[in-house]
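K.L.:
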Amino acid sequence: MTRYPTHKLGAYTAVVAFGLLGALASGLPELVALVAPFAVLLLYGLVRSPASAVSVGLTLAGERAVEGEGVPLHVDVRAHAPLEQVEVLVAVPRGLTLEGAPNPTALRLADGEAARLEYVVRGVRWGLYGVGEAWLRVRDRFGLFQFESRVDRRVPLRVYPGARTLRGLVRPHETRVTVGNQVARTKGDGIEFADLRPFVPGDRVRRVNWRASARQGALWVNDAHPERNTDIVLFLDTFAEARSAAGSTLDAAVRAATALAARYLDGRDRVGLVRLGGTLRWLVPGTGPAHLHRVVEALLEADASPSFIDKGIGLVPPHTLPPRALVIALTPLLDERGRAVMLDLHARGFDLVIIEVSPLGLVEPAEGELGELALRLWRLEREAVRARYERLGIAVAEWRDGVELESALEEVAAFRRYARQVRG
Amino acid sequence: MTAAAGSLAGWAVVVAVVSRSQGLLTPAAVTLALLAGVLLAWSLVRAWAPGVGWVLWALVLGYLLCLLAQPRRVDEGAPVAGAALFLMAELAYWSIELRPPARQARELPARRLAAILGVVLAAEALSAAALLTASPGPDVGVVLDAAGAAAAVAAVALLLGLLDRHRSGPGG
Chain A
1043 MTRYPTHKLG AYTAVVAFGL LGALASGLPE LVALVAPFAV LLLYGLVRSP ASAVSVGLTL
1103 AGERAVEGEG VPLHVDVRAH APLEQVEVLV AVPRGLTLEG APNPTALRLA DGEAARLEYV
1163 VRGVRWGLYG VGEAWLRVRD RFGLFQFESR VDRRVPLRVY PGARTLRGLV RPHETRVTVG
1223 NQVARTKGDG IEFADLRPFV PGDRVRRVNW RASARQGALW VNDAHPERNT DIVLFLDTFA
1283 EARSAAGSTL DAAVRAATAL AARYLDGRDR VGLVRLGGTL RWLVPGTGPA HLHRVVEALL
1343 EADASPSFID KGIGLVPPHT LPPRALVIAL TPLLDERGRA VMLDLHARGF DLVIIEVSPL
1403 GLVEPAEGEL GELALRLWRL EREAVRARYE RLGIAVAEWR DGVELESALE EVAAFRRYAR
1463 QVRG
Chain B
38 MTAAAGSLAG WAVVVAVVSR SQGLLTPAAV TLALLAGVLL AWSLVRAWAP GVGWVLWALV
98 LGYLLCLLAQ PRRVDEGAPV AGAALFLMAE LAYWSIELRP PARQARELPA RRLAAILGVV
158 LAAEALSAAA LLTASPGPDV GVVLDAAGAA AAVAAVALLL GLLDRHRSGP GG
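Next comes the structure, spelled out in structure tokens:
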């Protein structure tokens, strides 16, 4: 521990020195009487040199939590000498809160005595954190000296995004040949009725529609849509984010990506991830609960660190973006590079859907008329960008703060239905 | 809050002791003490520990001005002024120490208060003895002068040591 003399020690020493020297020089004994309490305290404090022998252990009871969930944290303080006052301050990173015992806490410990402080670390925002940092300060009885040290027993704590339950999803235009829960647009063996057609040799008898056959006087069979799975690629634009005390566009995008990944994987689809921005990270499409874990782990490291490098979709390995994949882009549409990537994906023929994580709720206009004018211009510019995507046939939905993600997904699905009719 | 209020009460006692003197420099001493009060209030509000040191200096200087200006006789209020000055400083530092507020073990405030009062009582006894010894006049003997000089030299040495440590940064 590092020992520091306090301001008080300096001030008292100076006063005592001044008083005693002044008394000697001027022959005024009153000055001795005036500074006597300070002298007594200095004498006591210096003779009884304070001890600082203390050990601290921090134990985090878990390594994983979901947003809003608490993980117990125990701080064990043990004194190896009598300590008049030990102050313990547990530091937690931003994004976590500390509940339970007061923080900081001042204790008095006898030789060999131990105390346990019980806290609960609660994840407010998803992320990868290090928990287990504490500051110790030991004071003597009069606060003439203090010892300070930093205890670093940090262990990782993963706070996963809170899971939203989604009912509706965006249906892909194309499916794969393997079985899944998506109703394919093609016709074949399946459960979902698609159409009636005349019987041809090779058709199974159980697919004959007897009611239609009786009316037509010839054999007719039911056609069905087969159930297939599909490739979904979640595209996370991390070039820029809008942030306020309430949260950020990236926070919302990661929560949405987690919910979408969980829901698609639940339906036996393959889900991949591309995180393009300050850092590039990709995950080849995969399936199963273990893959969900991989996707969420990759999302935890997402941050919108500023970068001037012009990254494009060409940097992403080709097998990360299968040709028939449905690409769901989660973007605040704040950075020109991110917008250009969307156009590039569309030009390459990918089935693209854009969920615009709206930053409008996180920004406030600057003071004055000019500020409001600038905000209006910015909003108009964003609307122009959206309109451009829509003219190209890309479904764009604005997802505002406080609105359910399903509303945005439904908006996208409606656009895709409409767009298909126009193309047909 | 209680410690801060106690500190201001201690300052008020010192001001009262200073203002009851009848020397030529008493108005200047009172003005200095009042300015020290403003600085004390500011230091308490802003939790500025060095400010308390400056307040101490100002009050000691104010008291010295009173002594210099008044007719030569031993001021019997000096131990009271010393105790009040000490309480003011201790309670002010205590108040500042508690920010940000830390939950304290229940026995800590009582123990600290008892220690402060113990120091005050010991110092009062010491002060009274010093004044009694010094009552006949400044010429009270070589031994007492030597003891005072040794104490002053020790205090100056400690002060220089602290200044040196302050310049070279904190260390164990």
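The listed protein sequences correspond, in order, to chains A and B. With this note's numbering applied, the first sequence covers 1043 to 1466. With this note's numbering applied, the second sequence covers 38 to 209. Positions of the beta carbon are idealized from the N, C-alpha and C atoms, including for glycine.
Against chain A, does B:VAL52 count as a neighbour if the rule is that its beta carbon must be under 9 Å from one of theirs?
P.N.:
Residue numbering aside, residue 52 of chain B sits at position 15 when the second sequence is read from its first letter. With 9 Å as the cut-off, B:VAL52 does not count as an interface residue toward chain A.
K.L.:
Could you work out which residues of chain A lie near B:ALA152, taking near to mean beta carbons separated by less than 8 Å?
P.N.:
Reading the second sequence from its first residue, position 115 is the one you call residue 152 of chain B. Those are ARG1183, PHE1184, listed as they occur along chain A.
K.L.:
For chain A, check one thing: does any of its Cβ atoms lie closer than 9 Å to the Cβ of B:LEU168?
P.N.:
If you number the second sequence from 1, residue 168 of chain B lands on position 131. Answer yes: the Cβ-Cβ gap between B:LEU168 and chain A drops below 9 Å somewhere.
K.L.:
Does the beta carbon of A:GLU1141 sit closer than 9 Å to a beta carbon anywhere in chain B?
P.N.:
Numbered from 1 along the first sequence, position 99 holds the residue referred to as residue 1141 of chain A. So, not an interface residue.
K.L.:
Is the beta carbon of B:SER99 sitting closer than 9 Å to the one on B:VAL75?
P.N.:
Start at 1 with the first residue of the second sequence, and residue 99 of chain B comes out as number 62. Start at 1 with the first residue of the second sequence, and residue 75 of chain B comes out as number 38. Note on identity: in this sequence residue 99 of chain B is Gly, with Ser being the wrong assignment. In this structure, B:VAL75 does not lie closer than 9 Å to B:GLY99 by Cβ.
K.L.:
Taking DSSP's pairing of strands, which residues face A:ALA1313 in a bridge?
P.N.:
Here residue 1313 of chain A refers to the residue found at position 271 when the first sequence is read from its first residue. Here residue 1313 of chain A is Val; the residue named in the question, Ala, does not match the sequence. Paired residues: A:ILE1274, A:GLY1328.
K.L.:
Which residues in the same chain as B:GLY209 place their Cβ atom closer than 6 Å to its Cβ, once the five residues preceding and following it in sequence are excluded?
P.N.:
Looking up residue 209 of chain B in the second sequence gives position 172. Residue placement at B:GLY209 is poorly supported in this model, since its pLDDT is 38, which falls under 50; the coordinates still yield a value, given next. Contacts found: none.
K.L.:
Cutting at 8 Å between CB atoms, please list the residues of its own chain near A:PRO1407, excluding the five before and the five after it.
P.N.:
One-based indexing of the first sequence puts residue 1407 of chain A at position 365. Around A:PRO1407: GLY1413, GLU1414, ALA1416, LEU1417.
K.L.:
Name the chain B residues whose beta carbon is nearer than 7 Å to that of A:VAL1132?
P.N.:
As a first step, residue 1132 of chain A must be located in the first sequence, where it is residue number 90. Here the premise fails: no neighbours, minimum Cβ distance about 12 Å.
K.L.:
For the segment 45-53 of chain B against the segment 111-130 of chain B, are there 3 or more C-beta pairs whose distance is under 8 Å?
P.N.:
Cβ pair count under 8 Å is three or more, so yes.
K.L.:
Under 9 Å, Cβ to Cβ, is there at least one residue of chain A near B:ALA78?
P.N.:
Taking the first residue of the second sequence as 1, we reach residue 78 of chain B at position 41. No, B:ALA78 lies away from the interface with chain A (no Cβ there is under 9 Å from its Cβ).
K.L.:
Whole angstroms is fine: what's the gap from B:ALA126's alpha carbon to A:VAL1338's?
P.N.:
On the second sequence, residue 126 of chain B is found 89 positions in, with the first residue counted as 1. On the first sequence, residue 1338 of chain A is found 296 positions in, with the first residue counted as 1. For B:ALA126 and A:VAL1338, the distance between alpha carbons rounds to 56 Å.
K.L.:
Work out the CA separation of A:TRP1420 and A:PRO1365 for me, nearest whole Å.
P.N.:
For this step, residue 1365 of chain A is matched to residue 323 along the first sequence. For this step, residue 1420 of chain A is matched to residue 378 along the first sequence. One C-alpha to the other measures close to 35 Å.
K.L.:
Taking Cβ-Cβ distances shorter than 8 Å, what residues in chain A pair up with B:ALA211?
P.N.:
Nothing about residue 211 of chain B can be read from this structure; chain B reaches only from 38 to 209.
K.L.:
What does DSSP give as the partner residues of A:GLY1142 in its beta bridges?
P.N.:
Taking the first sequence and counting its residues from 1, the one referred to as residue 1142 of chain A is at position 100. Partner(s): A:TYR1161.
K.L.:
List in chain order: all unbroken alpha helix (DSSP H) runs of 4+ residues lying wholly within the segment 1105-1143 of chain A.
P.N.:
Those alpha helix (DSSP H) runs which fall completely within the segment 1105-1143 of chain A and span 4+ residues do not exist here.
K.L.:
From the beta carbon of A:ARG1428, is the nearest beta carbon of chain B less than 9 Å away?
P.N.:
As a first step, residue 1428 of chain A is located in the first sequence; it is residue number 386 there, counting from the start. It does not: the Cβ of A:ARG1428 has no partner Cβ on chain B nearer than 9 Å.
K.L.:
Quick one, are the C-beta atoms of A:PRO1135 and A:VAL1197 less than 9 Å apart?
P.N.:
Within the first sequence, numbered from 1, the residue matching residue 1135 of chain A stands at position 93. Within the first sequence, numbered from 1, the residue matching residue 1197 of chain A stands at position 155. Their beta carbons are not under 9 Å apart, which means A:PRO1135 does not touch A:VAL1197 by this criterion.
K.L.:
Does A:PRO1071 have its Cβ less than 9 Å from a Cβ in chain B?
P.N.:
The residue labelled residue 1071 of chain A in the question sits at position 29 within the first sequence. Output row for A:PRO1071: interface = yes.
K.L.:
What residue range is occupied by the uninterrupted alpha helix (DSSP H) comprising A:ALA1056?
P.N.:
Residue 1056 of chain A sits at position 14 when you count from the first residue of the first sequence. Looking at the DSSP string, the run of the alpha helix (DSSP H) that includes A:ALA1056 is 1049-1068.
K.L.:
How would you call A:ALA1156, buried or exposed, if buried means at least 16 neighbouring beta carbons within 10 angstroms?
P.N.:
Taking the first residue of the first sequence as position 1, residue 1156 of chain A is located at position 114. It is exposed - the Cβ of A:ALA1156 has fewer than 16 other Cβ atoms within 10 Å.
K.L.:
Check this for me: beta carbons of B:ALA166 and A:VAL1058, under 9 Å apart or not?
P.N.:
Indexing the second sequence from 1 puts residue 166 of chain B at position 129. Indexing the first sequence from 1 puts residue 1058 of chain A at position 16. It is not a contact, given that the beta carbons lie outside the stated cut-off.
K.L.:
Does the separation of the CB atoms of A:HIS1049 and B:GLY90 fall below 9 Å?
P.N.:
The residue you call residue 1049 of chain A lines up with position 7 of the first sequence. The residue you call residue 90 of chain B lines up with position 53 of the second sequence. Yes, they are a contact pair.
K.L.:
Beta-carbon separation of A:VAL1119 and A:GLY1142 under 9 Å?
P.N.:
Reading the first sequence from its first residue, position 77 is the one you call residue 1119 of chain A. Reading the first sequence from its first residue, position 100 is the one you call residue 1142 of chain A. Going by C-beta atoms, A:VAL1119 is not nearer than 9 Å to A:GLY1142.
K.L.:
What do you get for A:MET1384, buried or exposed, if any count of 16 or more other CB atoms within 10 angstroms of its CB means buried?
P.N.:
Mapped onto the first sequence, residue 1384 of chain A falls at position 342. Buried, since its Cβ has 16 or more Cβ neighbours within 10 Å.
K.L.:
Please confirm whether A:ILE1396 and A:VAL1438 have their CB atoms less than 9 Å apart.
P.N.:
Numbered from its first residue, the first sequence carries residue 1396 of chain A at position 354. Numbered from its first residue, the first sequence carries residue 1438 of chain A at position 396. Closer than 9 Å, so yes.
K.L.:
Report the option in A:GLU1160, A:LEU1368, A:VAL1263, A:GLU1398 whose CA atom is closest to the CA atom of A:ASP1237.
P.N.:
Along the first sequence, one-based indexing puts residue 1237 of chain A at 195. The shortest Cα separation from A:ASP1237 among A:GLU1160, A:LEU1368, A:VAL1263, A:GLU1398 belongs to A:VAL1263.
K.L.:
What residues of chain A sit near B:LEU145, judged by a beta carbon separation below 7 Å?
P.N.:
If you number the second sequence from 1, residue 145 of chain B lands on position 108. Residues of chain A passing the Cβ test: GLN1127, ALA1148, ARG1150.
K.L.:
With a threshold of 16 other CB atoms inside 10 Å of the CB of A:ASP1231, please say whether the residue is buried or exposed.
P.N.:
What you label residue 1231 of chain A is simply residue 189 of the first sequence in a count that begins at 1. Result: exposed.
K.L.:
Do you know how far the Cα of A:LEU1073 is from the Cα of A:PHE1184?
P.N.:
One-based indexing of the first sequence puts residue 1184 of chain A at position 142. One-based indexing of the first sequence puts residue 1073 of chain A at position 31. Near 23 Å, if we compare the C-alpha coordinates of A:LEU1073 and A:PHE1184.
K.L.:
Is the separation between the beta-carbon of A:GLU1283 and that of A:LEU1376 shorter than 9 Å?
P.N.:
As a position in the first sequence, residue 1283 of chain A is number 241, starting the count at 1. As a position in the first sequence, residue 1376 of chain A is number 334, starting the count at 1. Yes, they are a contact pair.
K.L.:
Short of 6 Å in beta carbon distance, which residues of its chain neighbour B:ALA73, apart from the five on each side in sequence? Order them along the chain.
P.N.:
Taking the first residue of the second sequence as position 1, residue 73 of chain B is located at position 36. Contacts found: VAL92, ALA95, LEU96.
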